[in-house]
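So the structure is just underneath, and the comments pick up after that.
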Amino acid sequence: MALNIQFQLSNGRGLGKAIVFHGLKFNVVVHPTIHGQPILTSQAFYYLDQLDSIAEIRFETDKEALRDSEVEYLIDNYLFKYSKLHADSFMTSKVTDPKYWRDDYSDMYAEYDHRNTNALVLDKGNDESVLAIRPLDESDDTDLSDWCLVRNYSDIIISQYVSSMSELVHKKMHIEVMPTLERDGYVGKKRILECDAGLLSYYQAQSLDHSFSPRDVQPGQNSIVLKAYSENIADVDIPVETVHLDKVFNPILLSYYFSGLKAVNSLISFVGFYNVLEYYFEEAPIILNVAASNEKKQLKCVIEWLVNDNDISDFFQKNGADFVSQTRKNIETSSTIDIEGFDVGNSANLVTGLAKWLYSIRCAIVHSKKTRSGQDTATFEPYSDEAENIHDAILVVRWLSVACIEKDCEIGRE
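So the sequence shown is numbered by the working numbering: it starts at 38 and just counts up by one.
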C-alpha cells in the first residue's frame with residue numbers, strides 16, 4: 038500500500054510555487070499547504086504568499102519507507118542544493134514550532150484548528166462498536182455520512198459562505214467623487230475590492246495537498262492548475278520548478294549549515310556557517326602540508342583549501358558594487374572598537390585578508406570580554422542594532438560553508 042508522508046519545513050512561507058526534487062533514491066515535492074486542519078477557522082480565501090510550505094515524499098510500499106531521520110536527511114540534501122540555486126531561500130527541515138500532531142484514534146474526539154478545537158469523530162459505517170448516531174433535534178435530517186460529524190453541517194455552511202464571498206470579490210459600485218488637493222476625482226464604476234495576485238478560494242487552497250502529490254507532479258513539469266470550482270473565481274496557475282541532485286552530503290556539516298540558514302539572530306547565523314569551516318580546522322593544514330599554530334591560521338588554511346584569490350574577487354564582484362563598498366567599511370560593534378573592513382580591491386593576498394576579517398568578526402561574536410590584555414576589545418551584544426552590521430559577512434561565510442560542504446563530498450568519494 039502506498040504511503041505519502043508530509044514533512045513540515047521552516048521558513049517556507051511565501052514560496053508561491055512547487056519544487057520537484059529528484060535524483061536521489063526518492064523524489065520529494067515541496068509545495069504550499071494549509072496547516073492546522075481548519076474547521077471553525079476555515080476561510081473563504083487564502084493568499085498564496087501567506088501559506089507555509091511542506092515537503093512530501095511517497096513510498097509505494099511500507100517496506101521501502103524511510104525512518105523520520107532518514108526522510109529529514111534526504112530533504113536536507115535537496116534543500117542544500119536549492120539554497121545554492123536561490124540565495125534568498127532560508128528553507129530548512131529544522132522546525133521549532135510543530136504544526137502536525139497524531140490523534141488518538143481510541144478517543145471519540147479529534148483535534149482541529151491547530152489543536153484548539155475537539156470534534157466528535159465516529160465512523161458508524163466501519164466501526165461495529167458504534168451502534169447509533171442521531172441528532173437530538175427531531176427535525177434534523179442531516180446525512181451523517183462523514184465520520185467527522187461536524188463536517189456534515191460545516192461543509193454546507195462553508196460552501197454557502199465561499200459562494201457569497203466569491204460574488205463579493207467582483208462586486209462593483211458606481212461612484213461620483215469630486216477632485217481634491219489630495220486625490221483626483223472619479224466618475225464611473227469601481228470594484229469594492231482590489232485583490233493581490235495569488236488569491237485562492239477555500240476549495241483551491243484545500244486542493245493543494247492533493248494537487249501536488251509526488252505521484253502526480255513529475256520532473257520537468259512547468260505548472261499545476263488549481264481549478265476554480267466557481268464561475269466567479271479564476272483558475273490559478275502554480276509554477277513548478279525542477280531541481281536535480283545525484284549526491285549526498287555530510288549530515289554533520291548540513292546540520293551546522295542549516296542552523297546558520299534558519300537562525301533569525303545574525304550572530305547565531307554567522308556561527309552556524311562558521312562551524313562548517315571549523316570542522317576542517319585541523320585537517321586543512323595537514324592537507325596543505327603547512328603548520329597552523331592557532332585558529333586564525335587554521336581558518337586561513339581552510340579558506341585557502343576551498344578557494345583562491347580569483348574566486349574571492351569573483352564572488353565579491355558578483356554581489357555588486359554596493360556589496361564591495363560596504364565590506365570595505367569598518368564594522369561598528371557594540372563596544373567602542375570597530376572591526377577593520379575587508380577591501381577586496383586593495384589586498385595583496387585576498388585569502389589572508391579574508392581570513393583575518395572573518396576571524397575578527399568571529400571573536401567579537403563568541404567572546405564577551407570587555408578587555409583583552411588590558412585593552413578594550415570589539416564585541417557584539419546579542420539582539421543589538423550593531424549585530425545587524427555583519428549581514429554582508431554572513432553572505433561571505435555562507436558562501437565558504439557551501440564550498441566546504443561540497444569539498445568534503447568530493448574528498449569523501451576519492
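Heads up, the beta-carbon is just placed ideally off N, CA and C, and yes, glycines get one too.
Bear in mind that the values here come from a model prediction, so they are computed numbers and not experimental data.
Sixteen is the threshold: since fewer than 16 other Cβ atoms of the shown chains lie within 10 Å of the Cβ of residue 146, the residue is exposed. The Cβ atoms of residue 388 and residue 327 do not sit closer than 9 Å to each other. The three-state reading of DSSP puts residue 276 in strand, counting E and B together. DSSP places residue 447 outside any beta strand (DSSP E); the residue lies instead in the alpha helix (DSSP H), whose first and last residues are 428-449. Inside the stretch 230-258, DSSP marks whole alpha helix (DSSP H) runs of 4 or more residues at positions 239-243 and 245-248, from first to last along the chain. Under the DSSP assignment, residue 40 falls outside any alpha helix (DSSP H), being part of the beta strand (DSSP E) whose first and last residues are 40-45.
In this structure residue 77 is exposed. Its beta-carbon is surrounded by fewer than 16 other beta-carbon atoms within 10 angstroms. Secondary structure remark: continuous beta strand (DSSP E) runs of at least 3 residues inside the stretch 316-384: none found. Your pair residue 126 and residue 119 checks out as a contact, with CB atoms roughly 6 Å apart and the cut at 8 Å.
The stretch 416-431 and the stretch 255-267 do not touch, with fewer than 3 CB-CB distances between them shorter than 8 Å. DSSP places residue 190 in the helix class (H, G or I) of the three-state scheme. For residue 440, the closest C-alpha among the options 349, 371 and 207 is that of 349. The closest CA to that of residue 164, considering only 382, 171 and 143, is found on 143. According to DSSP, residue pairing for residue 185 in a beta bridge involves 158. Judged by their CB atoms, residue 68 and residue 245 are nearer to each other than the 9 Å cut-off. Cβ atoms of residue 442 and residue 398 stay farther apart than 8 Å, at about 21 Å. When DSSP states are grouped into helix, strand and coil, residue 128 belongs to the coil group.
In the three-state DSSP reduction, residue 95 falls in the strand class (E or B). In the DSSP assignment, residue 225 forms a beta bridge with 212. One Cα belongs to residue 132, the other to residue 109, and the distance between them is close to 11 Å.
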